[in-house]
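Contents: one structure, followed by commentary.
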Ligand code: N01
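Numbering (the numbering used here), first residue to last: 8 to 540.
Encoded structure:
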């Protein structure tokens, strides 16, 4: 192996997080390189190019806030931007801030070991690169490691196979094809209506139905653009003042349990008409009170029944095994309507599971189905997968895989005891996936940049979380998680979608304001919970 390139900081990943981290470090004259496994920037928006992929937060709210010049010059074309446009936005950002010169593409980090004597991370890539870095910043995303299909015979299929999470760059044409989609999570909910319009026949294999709300997408509205232009800072502060960091949710303090039924119905109906996640914000108790949640469930069940014409299909599409909001709510464009098409069939695999993929298609416990194409929309090893996949070794040979054998252990979802100068942007046990990601990313990036410059100012080399601070944080995360209904679902939030993964609630549910306050207090108290070495 060649001798290592010495650099101040290695950033892993060139999505929203890595790009802003690089820009931020450059502004404080900290040397940095991004190592990116993909052939281009964009992270999740680089890989997930499946038909129908788009953001489920309104475009005006999504995106960076660090540059008012960027705000001024960028225009979104739709209420919810499609994947291609988000990628164009990030390309624009990379060009504007001249970021690509410090990004190495097609370069996957395979190992990173802490060298206690040198006080540096030794970072190794699949290209044979070799870096010695003071800090290692994991901008590796929360949903970036696809779940492996756990069906026997995947390689036997003689038709075409696609994964929503690794979609080809060239156009995929389903015209005249007999297509199967496995899965009914957000990726499937977005792609199914688009594929159905093109394919000869589409068969959806559903194990668990999902709650989904109409996006009511439309072309950008000049009046809304103008409103945002005039009020952007105020709107952003409003967003950060609510737990999800999403202004569109417009959360209310009122309790469903204390609201008369006819008013409850009106509130749900009015929010349904607004579209998107607003439906979750009408009441403060649907996420914690089972009987209130049941009322929300009944509202969804009635909606499905009113849209899907075949009562048996409507019943199959109605979630029954977990509360509303405990799996990530989907936002769709014509999802349930798609099941009224004559060329779409729904197959329930909850009781008769997929047994194997065969040469010609899919065999379930109740029969065999032939296809030209199989689309796997089966999800990700969320939040921890991107970190445990790397041979990450901290002090005294401590491996991340061992440390996290029973679930992730972090301090603030930003740092890990035993792993000095390692930072995880939107890591497990931070609000991350329960919030609007770009502002949460910016918050972490700013915190990390400040911590690194504070280390310099104090003439210190290392920042490391103490085990006591970590244990206290985990206890707090778990305590808050236990107050919600989240544990009642077999969701990726719980790690339940990956066989063998420890069952633990992965994100921090205490909300954006409380979390930001805690992170600020830690700094104000001289990096409370850390040892500066
Ligand atoms: O993945 P998922 P996703 N047999 O895990 C099924 C974000 N996102 O890629 O529920 C049969 O949600 C599985 O069934 P079950 C968003 O945060 C955002 O769709 O485990 N089925 C499920 O139906 C989202 O939550 C957007 O019973 C199997 C599906 O595959 C997250 O990414 C768009 C199976 C996986 O659903 C992940 O979404 C897309 C098996 N063996 C994604 N294994 C936006 O809108 C798995 N399944 C911005």
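All C-beta atoms in this analysis are idealised placements derived from N, C-alpha and C, irrespective of residue type, glycine included.
This structure is a prediction, so every number in the text was calculated from the model and none was measured.
(request) Consider the C-beta atom of residue 384 and the heavy atoms of the ligand N01; say whether any pair is separated by less than 7 Å. (result) yes
(message) Let me check understanding here. Comparing Cα to Cα, which of 276, 444, 443 and 405 lies closest to residue 427?
(response) 405
(request) Since I believe residue 38 is in contact with residue 14 (beta carbons under 8 Å), could you give me their beta-carbon distance rounded to a whole number of angstroms? (result) 5 Å
(message) At a cut-off of 7 Å, would you count residue 52 as near the ligand N01, judging by its Cβ distance to the nearest heavy atom?
(response) no
(request) With a 10 Å radius around its C-beta and 16 neighbouring C-beta atoms as the bar for buried, classify residue 532 as buried or exposed. (result) exposed
(request) Note the first and the last residue of the continuous beta strand (DSSP E) segment covering residue 212. (result) 208 to 213
(request) Along the alpha helix (DSSP H) that carries residue 94, what are the first and last residues, could you check? (result) 90 to 103
(message) Rounding to the nearest angstrom, what Cα-Cα distance links residue 331 and residue 351 in this structure?
(response) 26 Å
(message) Following a CB-centred definition, is residue 195 positioned closer than 7 Å to any heavy atom of the ligand N01?
(response) yes
(request) Over the uninterrupted beta strand (DSSP E) stretch that includes residue 437, give me the two end residues. (result) Unbroken run through residue 437: none, as it is neither H nor E.
(request) Pick helix, strand or coil for residue 286, following the three-state DSSP scheme. (result) helix
(request) Specify whether the stretch 118 to 131 and the stretch 94 to 105 touch according to this definition: at least 3 beta carbon pairs, one from each stretch, less than 8 Å apart. (result) no
(message) Our contact map puts residue 22 next to residue 142 with C-beta atoms below 8 Å; I'd like the distance itself, whole angstroms only.
(response) Contact flag wrong, Cβ pair sits at about 18 Å.
(message) When you measure from the CB of residue 224 to every non-hydrogen atom of the ligand N01, does any distance come out below 7 Å?
(response) no
(request) Since I believe residue 296 is in contact with residue 152 (beta carbons under 8 Å), could you give me their beta-carbon distance rounded to a whole number of angstroms? (result) Wrong, their Cβ atoms sit about 34 Å apart, outside the cutoff.
(request) Determine the extent of the alpha helix (DSSP H) in which residue 442 is found, giving its start and end residues. (result) That residue, residue 442, is in no alpha helix (DSSP H); it is neither H nor E in DSSP.
(message) Can you tell me whether residue 34 is helix, strand or coil according to DSSP?
(response) helix
(request) Using beta-carbon positions only, say whether residue 3 and residue 505 come within less than 8 Å of one another. (result) Absent from the model: residue 3. The displayed extent of the chain is 8 to 540, so no value can be given.
(message) Quick check on DSSP: helix, strand or coil for residue 261?
(response) coil
(message) Whether or not the stretch 362 to 370 and the stretch 125 to 138 are in contact is what I'm after, with contact meaning three or more pairs of Cβ atoms, one per stretch, closer than 8 Å; do they touch?
(response) no
(request) Tell me whether the beta-carbon of residue 227 lies closer than 8 Å to the beta-carbon of residue 31. (result) no
(message) Rounded to whole angstroms, what is the Cα-Cα separation between residue 292 and residue 285?
(response) 15 Å
(request) With residue 17 as the anchor, note down where its beta strand (DSSP E) starts and where it stops. (result) 12 to 19
(request) Apply the 10 Å Cβ neighbour rule to residue 462 and answer buried if 16 or more other Cβ atoms are within range, or exposed otherwise. (result) buried
(message) I'd like to confirm the pairing. Which residues does DSSP put opposite residue 169 in its beta bridges?
(response) 382
(message) If contacts are defined as beta-carbon pairs under 8 Å, then residue 214 and residue 357 qualify, I think. What distance do you get, rounded to the angstrom?
(response) 5 Å
(request) Take residue 176 as the anchor and find which of 53, 249, 272 and 289 has the nearest alpha-carbon. (result) 53
(request) Could you say which of 162, 195, 204 and 169 lies nearest to residue 182 if we only look at CA atoms? (result) 204
(request) Mind checking who residue 368 pairs with in its DSSP beta bridge? (result) 377
(message) Going residue by residue through the stretch 437 to 520, where are the continuous alpha helix (DSSP H) segments of at least 4 residues, counting only ones entirely within it?
(response) 444 to 464 and 474 to 489
(message) I need the DSSP call for residue 343, collapsed to helix, strand or coil.
(response) helix
(message) Which of the three DSSP states is assigned to residue 147 in this structure?
(response) coil
(message) Relative to the C-alpha of residue 326, which candidate in 349, 386, 355 and 341 has its C-alpha closest?
(response) 355
(request) Note down, in chain order, each residue of its chain lying with its Cβ closer than 7 Å to the Cβ of residue 372, except the 5 sequence neighbours on either side. (result) 359, 360 and 362
(request) Give a yes or no on whether the C-beta atoms belonging to residue 231 and residue 35 are separated by under 8 Å. (result) no
(request) Look at residue 18 and residue 144 and say whether their C-beta atoms are less than 8 Å apart. (result) yes
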